Amino acid sequence: MKCLQLPNPTLRRVVHSKYIDIVGVILVTVICFYRGFHETIYYQGGIQFGVPLSGFSDYISKGAFPIGLLSTLGAVVSLLAARMIVKQQNLGNWIGLFTTINSGVIDYLFGNHSAIITYPLTFVIAIIATKKWSEGEQVKKADAKYWLLIL
Numbered sequence: 641m642k643c644l645q646l647p648n649p650t651l652r653r654v655v656h657s658k659y660i661d662i663v664g665v666i667l668v669t670v671i672c673f674y675r676g677f678h679e680t681i682y683y684q685g686g687i688q689f690g691v692p693l694s695g696f697s698d699y700i701s702k703g704a705f706p707i708g709l710l711s712t713l714g715a716v717v718s719l720l721a722a723r724m725i726v727k728q729q730n731l732g733n734w735i736g737l738f739t740t741i742n743s744g745v746i747d748y749l750f751g752n753h754s755a756i757i758t759y760p761l762t763f764v765i766a767i768i769a770t771k772k773w774s775e776g777e778q779v780k781k782a783d784a785k786y787w788l789l790i791l
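Letter by letter, the sequence shown follows residues 641 to 791 of my numbering.
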């Protein structure tokens, strides 16, 4: 697939910078661990917070789901997938399919029962985007200025 060339070389360097990827991953990971999200499990039909990592193996052997660790990992991988999409790499769409499943399960376990409707819809849209990109459809010039609407 042919990538759209950004007219501003500085903006292009920022968009394609690996340092932004690294800073994003570090930021998400540090915040998640600082807030203690990694110490959250889903066990016996409920969410338990503050479970030390040293006790995880016992809980997991009894059927616990390490929702906090998977949520943190999902946030990092989702960030990287979004960065790949910004760089117009279709691999980001493929990764996004799996992060959608991960996020949907976690969201449902946290009590968002509408996740059973919203995440399958998101998954279908992600499949369509991935298929279109695989066929070579690229960003149109008019869409390249879409970021202006966000401002």
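Heads up, the beta-carbon is just placed ideally off N, CA and C, and yes, glycines get one too.
A quick note: this is a predicted structure, and the numbers were derived from the prediction, not measured.
Buried versus exposed, by CB contacts within 10 Å (16 or more), residue i
i, result
"V654", "exposed"
"I757", "exposed"
"I790", "Low per-residue confidence applies at I790: pLDDT is 49, beneath 50, and the placement is therefore not dependable, though the value from the model is reported in the following sentence. Result: exposed."
"H678", "buried"
"Y759", "buried"
"G676", "exposed"
"S657", "exposed"
"S743", "buried"
"I746", "buried"
"S697", "exposed"
"S701", "exposed"
"S718", "buried"
Under 8 Å between C-beta atoms of residue i and residue j
i, j, result
"D661", "L710", "no"
"I741", "F763", "yes"
"T626", "I707", "There is simply no residue 626 to check, as the chain begins at 641 and stops at 791 in what is shown."
"L737", "A755", "no"
"Y682", "V691", "no"
"F750", "I687", "yes"
"G685", "R723", "no"
First and last residue of the uninterrupted alpha helix (DSSP H) at residue i
i, result
"R652", "P649 to V655"
"F673", "K658 to Y674"
Contact test: residue i Cβ vs the ligand PLP heavy atom, cutoff 7 Å
i, result
"C672", "As for the ligand PLP, it is missing from this structure, which has no ligand bound."
Go through the region 683-771 residue by residue and report every complete run of the beta strand (DSSP E) that reaches 3 residues or more, in order. Taking only runs of at least 3 residues, the beta strand (DSSP E) segments lying wholly in the region 683-771 are 686-688.
Between the region 703-717 and the region 726-733, are three or more C-beta pairs nearer than 8 Å? Touching, no.
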